[in-house]
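Asks: Mind having a look at this structure? Questions to follow.
What follows is the structure, encoded as structure tokens:
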């Protein structure tokens, strides 16, 4: 039986693989929007500001609570790897928390499931202590990698929380089924809890057990919100404009699809 | 330099990956396939480093007889014992399979099952009719909880249909809206990393 | 009695009552009837409507943690495929799935007189998630290193001589039994949308909300949501099994959760009334 070699598909616009052109132009468009608004913000022109996010506003209050009670702050970055957007978005928050804890001599215990993420978190916390002028206060044993297994990690964190009884529990990052395990354990212990994840299926568990929850992409705005860096704020504005454009296309597509005249739009995005 | 080089490496790699997916030449070169192999190797290496780090910490616990050092002994025996068994037997070996099947599935199932109890206590504590929003949450939750099981249908025949409508209409609408926003957000985070605007992971120290 | 105390019960009482309520139906089943929801009906009809001898690809992407929900889904699905004379290829993207899958499908195949290699093949665990799925769409032999779950060469199996890639002409249906990532999203991204192969999904109950939009847009043709979906499927097949047996426990469990929620609210309103009375 002869097997014909698979035919090479015809490139679109001479260089693009079929089905990837629309995606590439979306990336290019978002990149352009980010560039435009970052430049605007960087040169001092006015850009819309980010609205108040209660979860991020309450971080200082939560750390203050731990400081007054003489107990630790626990920070979980979730189970995602270094390539997860949630993990990347959590790092600026961790940096801010580490700096604040270093400033007030509050013990910070940070736990990880992924060893590559552990390496980055360890550096972030060490740099935070150095930046505040207290390198001797940094304790490498307080930045922990427990296990590569989801349940191994979550039971280890449960054990830590029940032994040490931290007064504040931060959970920012990529979480899956272990969400309720960690959050409910903290709630039963009476911790003040602030959490954020973009896993829609886990957000309800955080809402039910935490004092403040960052919903969906509020986590992605964290680095801009905390640093107040105009360039980063510009990127968040660009992201919102992109969403509005997508909503507009969805609306137009919905109208055309209702009258069964949407083939041209489907073909445009299929290229 | 300490910060600039990692940022350059990140940006260049991200750009190469985007072009390798989007262009004909990129697909032909199959760069993601090559990089994925190195990523898996890095993960395996990182796991080994993590195990060595954990071993050092727990050995200190044992040597200094810190509180709970018996658990450190159990951990080290389990970690390295299983590792050595795997070296001799590979993952298809009978003893390896027996140890794996006798321990891990049951431990994982138990931990997962604990969530059911935690859901009960979380629902008891959280579902209070404090205001209109929480009342709507409670009523909708109750309808979906009962509509998913036969006892709900036995109580009221229309419950499964109501549950299906809630899942199909309001739930789908919210899911779609949230998913689009989250995907654009993660898209933007990735572009921020590519454009070296996101720098928390390389620290704020001097170059 | 001070009703306000109901709002601050010790959670351990909730755990004890919950445990007792879950265990009782295991010994004294209630036998409550169940109707079949549209998504389960669509799931069953999609498999039923395939011509006999069709190739069905099952992605068994779960771990022992969710086996209580996913095992009955896999068992019922595999049984239905074998009843219809379909050929099944199984791939696992989670490292702990192969042994669970073997313990489910092999006894069913033996019971129904089906032959491994002719009627079904288990490719085993392949790392990489979506990358592994993408590789399977190009060439199964290269993607699976040429061997199945036991290390036997794929060319020894008549089924794998017939199916060389996860492509439209060779595979007629893809089913994902999933509990997280990697899972259904990888098949949606790399198989269903680009290749146009019909797709069914068996999520755990907690994941149902995320997959309903795809069912509504017909990217997923049918759903078996959790244990309830598996139980309905068993009823549809007229072969009640484990899922039907466990539904009574789930029913009572749900009822108990709502009972405690009601008690908590009674306590909450009572304490509000007491505080209001005290301030007067």
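Chains as they are written, first to last, in my numbering: chain A, 1 to 271; chain B, 1001 to 1207; chain C, 2001 to 2280. Ideal Cβ positions, reconstructed from N, Cα and C, are used throughout, including at glycine.
#1: Is residue 201/A close to chain C, meaning its C-beta is less than 8 Å from at least one C-beta of that chain?
#2: In chain B, which residues lie with their C-beta within 8 Å of the C-beta of residue 181/A?
#3: Give a yes or no on whether the minimum CB-CB distance between residue 1096/B and chain C is below 8 Å.
#4: By the 10 Å Cβ neighbour count, where 16 or more other Cβ atoms means buried, how is residue 86/A classified, buried or exposed?
#5: Which residues, in order along the segment 2195-2213 of chain C, keep a beta-carbon less than 8 Å from a beta-carbon of chain B?
#6: If you compare alpha carbons, which of 1119/B, 1099/B, 1018/B and 1109/B is closest to residue 2015/C?
#7: In or out: residue 1199/B buried (at least 16 other Cβ within 10 Å) or exposed?
#8: Beta-carbon of residue 1153/B versus every beta-carbon of chain A: anything under 8 Å?
#9: Just verifying my parser: in three-state terms, what is the DSSP assignment at residue 96/A?
#10: Within the segment 2188-2273 of chain C, note down every full alpha helix (DSSP H) run reaching 4 residues or more, in order along the chain.
#11: To the nearest angstrom, how far is it from the Cα of residue 2268/C to the Cα of residue 2006/C?
#12: Answer yes or no: does any C-beta atom of chain A fall closer than 8 Å to that of residue 1173/B?
#13: Output the distance between the C-alpha atoms of residue 2128/C and residue 2189/C, rounded to the nearest integer angstrom.
#14: Along the beta strand (DSSP E) that carries residue 144/A, what are the first and last residues, could you check?
#15: Would the segment 2207-2217 of chain C count as touching the segment 2056-2064 of chain C if we require 3 or more Cβ pairs under 8 Å?
#16: Please report the distance separating the alpha-carbon of residue 1029/B from that of residue 17/A.
#17: Hey, how far is the Cα of residue 1076/B from the Cα of residue 2157/C?
#18: Note down, one range per segment and in chain order, each alpha helix (DSSP H) of at least 4 residues found wholly within the segment 2050-2093 of chain C.
#19: Taking only runs of the beta strand (DSSP E) that begin and end inside the segment 108-138 of chain A, which ones reach a length of at least 3 residues, in chain order?
#20: Tell me whether residue 1147/B is buried or exposed, calling it buried when 16 or more other Cβ atoms sit within 10 Å of its Cβ.
#21: Hey, out of 1095/B, 1007/B, 1045/B and 1188/B, whose CA is closest to residue 27/A's CA?
#22: Within 8 Å of any Cβ in chain A, is that where the Cβ of residue 1207/B sits?
#23: Whose Cβ in chain B lies nearer than 8 Å to the Cβ of residue 16/A?
#24: Between which two residues does the beta strand (DSSP E) holding residue 172/A run?
#25: List, in chain order, every chain A residue whose beta-carbon is nearer than 7 Å to that of residue 2011/C.
#26: Hey, does residue 2265/C have any beta-carbon neighbour from chain B nearer than 8 Å?
#27: Is it right to say residue 2248/C is buried, meaning 16 or more other beta carbons lie within 10 angstroms of its own, or is it exposed?
#28: Just the Cα atoms here: how many angstroms apart are residue 1083/B and residue 1053/B?
#29: If you compare alpha carbons, which of 2019/C, 2010/C, 2108/C and 2092/C is closest to residue 2254/C?
#30: Compare the C-alpha of residue 1097/B against each of 1159/B, 1106/B and 1086/B and name the closest.
#31: What residues match up with residue 215/A in a beta bridge as DSSP calls it?
#32: Between residue 1094/B and residue 1101/B, what straight-line distance do the alpha-carbon atoms span, to the nearest angstrom?
#33: Give a yes or no on whether the C-beta atoms belonging to residue 183/A and residue 206/A are separated by under 8 Å.
#34: Would you kindly report the start and end of the unbroken beta strand (DSSP E) that includes residue 2173/C?
#35: With three or more C-beta pairs closer than 8 Å as the rule, is the segment 218-233 of chain A touching the segment 1159-1168 of chain B?
#36: Pull out every residue of the segment 236-247 of chain A whose Cβ sits closer than 9 Å to any Cβ of chain B, in chain order.
Replies: Judging by the given coordinates:
#1: Indexing the first chain from 1 puts residue 201/A at position 201. Cβ-Cβ to chain C under 8 Å: yes for residue 201/A.
#2: If you number the first chain from 1, residue 181/A lands on position 181. Here the neighbours are 1111, 1114, 1115 and 1118.
#3: Translated into positions along the second chain, residue 1096/B becomes position 96. No, because no Cβ of chain C sits closer than 8 Å to the Cβ of residue 1096/B.
#4: On the first chain, residue 86/A is found 86 positions in, with the first residue counted as 1. It counts as buried.
#5: Those would be 2205, 2208, 2209, 2210, 2212 and 2213, in chain order.
#6: Start at 1 with the first residue of the third chain, and residue 2015/C comes out as number 15. Considering only alpha carbons, the answer is 1119/B.
#7: As a working mapping, residue 1199/B is identified with position 199 in the second chain. Under this definition residue 1199/B is a buried residue.
#8: Taking the first residue of the second chain as position 1, residue 1153/B is located at position 153. Answer no: the Cβ-Cβ gap between residue 1153/B and chain A never drops below 8 Å.
#9: Numbered from 1 along the first chain, position 96 holds the residue referred to as residue 96/A. In the structure shown, residue 96/A sits in a helix (DSSP, three-state: H, G or I).
#10: If one requires a minimum length of 4 residues, the alpha helix (DSSP H) runs lying completely within the segment 2188-2273 of chain C are 2208-2216 and 2226-2237, in chain order.
#11: For this step, residue 2268/C is matched to residue 268 along the third chain. For this step, residue 2006/C is matched to residue 6 along the third chain. Rounded to whole angstroms, the gap between the alpha carbons of residue 2268/C and residue 2006/C is 8 Å.
#12: Taking the second chain and counting its residues from 1, one reaches residue 1173/B at position 173. It does not: the Cβ of residue 1173/B has no partner Cβ on chain A nearer than 8 Å.
#13: As a working note, residue 2128/C is residue 128 in the third chain. As a working note, residue 2189/C is residue 189 in the third chain. Rounded to whole angstroms, residue 2128/C to residue 2189/C spans 15 Å at the Cα level.
#14: Against the first chain, residue 144/A aligns to sequence position 144. Counting along the chain, residue 144/A sits inside the beta strand (DSSP E) bounded by residues 143-145.
#15: Judged by Cβ distances under 8 Å, the segment 2207-2217 of chain C makes no contact with the segment 2056-2064 of chain C, as fewer than three pairs qualify.
#16: On the second chain, residue 1029/B is found 29 positions in, with the first residue counted as 1. On the first chain, residue 17/A is found 17 positions in, with the first residue counted as 1. The alpha-carbon atoms of residue 1029/B and residue 17/A are separated by roughly 13 Å.
#17: Counting from one through the second chain, the residue named residue 1076/B turns up at place 76. Counting from one through the third chain, the residue named residue 2157/C turns up at place 157. When rounded, the separation of the alpha-carbon atoms in residue 1076/B and residue 2157/C is 43 Å.
#18: Qualifying alpha helix (DSSP H) stretches, in chain order: 2067-2084.
#19: Runs found: 108-112.
#20: Taking the second chain and counting its residues from 1, one reaches residue 1147/B at position 147. Residue 1147/B is classed as buried because its beta carbon has at least 16 other beta carbons within 10 Å across all chains shown.
#21: Locating residue 27/A in the first chain gives position 27, counting from the first residue. That would be 1188/B, whose Cα lies nearest to the Cα of residue 27/A.
#22: In the second chain, counting from the first residue as 1, residue 1207/B sits at position 207. With a pLDDT of only 40 at residue 1207/B, under 50, the local geometry of the prediction cannot be trusted, and no value is derived from it.
#23: By 1-based counting over the first chain, the position of residue 16/A is 16. Residues of chain B whose Cβ lies closer than 8 Å to the Cβ of residue 16/A are, in chain order, 1022, 1023 and 1024.
#24: For the purposes of this step, residue 172/A is taken as the residue at position 172 of the first chain. In the DSSP assignment, residue 172/A falls within the beta strand (DSSP E) that extends over 168-174.
#25: On the third chain, position 11 is the one that residue 2011/C refers to. Near residue 2011/C (Cβ distances below 7 Å), the residues of chain A are 188.
#26: Here residue 2265/C corresponds to residue number 265 of the third chain, with the count starting at 1. Contact of residue 2265/C with chain B is assigned, a C-beta pair being separated by under 8 Å.
#27: As a working mapping, residue 2248/C is identified with position 248 in the third chain. Buried: at least 16 other Cβ atoms inside 10 Å.
#28: The count along the second chain starts at 1 and reaches residue 1083/B at position 83. The count along the second chain starts at 1 and reaches residue 1053/B at position 53. In this structure, the alpha-carbon of residue 1083/B lies about 15 Å from that of residue 1053/B.
#29: Position 254 of the third chain, counted from the first residue, corresponds to residue 2254/C. Closest by alpha carbon: 2019/C.
#30: By one-based count along the second chain, residue 1097/B stands at place 97. If we check each option's Cα against that of residue 1097/B, 1086/B comes out closest.
#31: Within the first chain, numbered from 1, the residue matching residue 215/A stands at position 215. Beta-bridge pairing links residue 215/A to 197/A.
#32: By 1-based counting over the second chain, the position of residue 1094/B is 94. By 1-based counting over the second chain, the position of residue 1101/B is 101. Taking C-alpha positions only, residue 1094/B is separated from residue 1101/B by approximately 10 Å.
#33: Numbered from 1 along the first chain, position 183 holds the residue referred to as residue 183/A. Numbered from 1 along the first chain, position 206 holds the residue referred to as residue 206/A. Residue 206/A is positioned such that its CB atom lies closer than 8 Å to that of residue 183/A.
#34: One-based indexing of the third chain puts residue 2173/C at position 173. It spans 2173-2178 - the beta strand (DSSP E) in which residue 2173/C sits, taken as one unbroken run.
#35: Flag = no, the segment 1159-1168 of chain B and the segment 218-233 of chain A do not touch.
#36: Correct list: 236, 238, 239, 240, 242, 243, 246 and 247.
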